[in-house]
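Presented below is the structure to which this report refers.
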Amino acid sequence: MKKLKWRISSLALFLILSCSKKDNLREISGTYEFNVAGKHSFVINANHIKATIRIVGANGGETIIMEDIPLDKNVEYTAMIGGYKNKKVFNNLKTELLNNLVTEYEVDAGNSRQFNNGMIRIDWVGFD
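This is the structure we're talking about:
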């Protein structure tokens with residue numbers, strides 16, 4: 142009788158474990174690159190997002206590269222690219238990345254007379 146109970150218990154446990162749902166997460170990735178002066182918004186619809194972010198200031202300004210930066214799912218990020226728009230200075234030449242309109246990262250422009258816009262590039266990986 143004990144063997145029968147043990148076998149039934151083992152079989153029940155095996156069936157429960159083998160029928161349980163497994164998370165089949167699929168890795169997804171993408172790239173955003175902004176190099177036109179102005180305000181650009183984007184949202185990433187993924188889980189567990191890690192990104193490499195490269196921000197370059199206008200006119201040969203500061204450059205920062207950050208790796209494995211966690212980004213939030215379904216949050217509106219805004220890239221403010223400093224530079225020249227319609228022959229006018231935009232955003233005081235400052236290049237910024239904002240999270241829900243709160244500045245997270247920013248770089249200043251250089252002093253050269255190159256008249257180049259800033260740039261933000263975001264390479265991200267997440268799970269669907």
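The sequence shown begins at 142 in my numbering and counts up by one.
Glycine residues also receive a C-beta, built at the ideal position from the N, C-alpha and C atoms.
Only counting the same chain, and skipping five residues up and downstream in sequence, which positions put a Cβ closer than 7 angstroms to that of K180?
The sequence position of residue 180 within the sequence shown is 39, counting from 1. Close CB contacts of K180 within its chain, under the 7 angstroms cut and outside five residues either way in sequence, are with T219 and M221 (chain order).
L238 and S194 - do their beta-carbons sit closer together than 8 angstroms?
Looking up residue 194 in the sequence shown gives position 53. Looking up residue 238 in the sequence shown gives position 97. Looking at the sequence shown, residue 194 is not Ser but Ile. Yes, the Cβ-Cβ distance between I194 and L238 is below 8 angstroms.
In whole angstroms, what separates the C-alpha of I169 from that of K146?
Position 28 of the sequence shown holds residue 169. Position 5 of the sequence shown holds residue 146. Straight-line Cα distance between these residues: approximately 47 angstroms.
Exposed or buried, what is K235 when buried is set at 16 or more other beta-carbons lying within 10 Å of its beta-carbon?
Along the sequence shown, one-based indexing puts residue 235 at 94. Within 10 angstroms of the beta-carbon of K235 lie 16 or more other beta-carbons, which makes it buried.
Regarding A250 and the ligand GTP, is the C-beta to nearest heavy atom distance less than 7 angstroms?
As far as ligands go, the structure on display features none, and thus does not contain the ligand GTP.
On the DSSP letters alone, give me the boundaries of the beta strand (DSSP E) that F256 sits inside.
The count along the sequence shown starts at 1 and reaches residue 256 at position 115. First-last for F256: undefined, no H or E at that position.
What do you get for N165, buried or exposed, if any count of 16 or more other CB atoms within 10 angstroms of its CB means buried?
Translated into positions along the sequence shown, residue 165 becomes position 24. With fewer than 16 neighbouring CB atoms inside 10 Å of its own CB, N165 falls in the exposed class.
Reduced DSSP category for L212 - H, G, I as helix; E, B as strand; rest coil:
For the purposes of this step, residue 212 is taken as the residue at position 71 of the sequence shown. Collapsing the DSSP output to three states places L212 in a strand.
Exposed or buried, what is M207 when buried is set at 16 or more other beta-carbons lying within 10 Å of its beta-carbon?
Position 66 of the sequence shown, counting from 1, holds the residue named residue 207. Per the 10 Å Cβ criterion, exposed.
Would you decide whether A153 is buried or exposed? Buried here means 16 or more other CB atoms lie within 10 Å of its CB.
Taking the sequence shown and counting its residues from 1, the one referred to as residue 153 is at position 12. Classification for A153: exposed.
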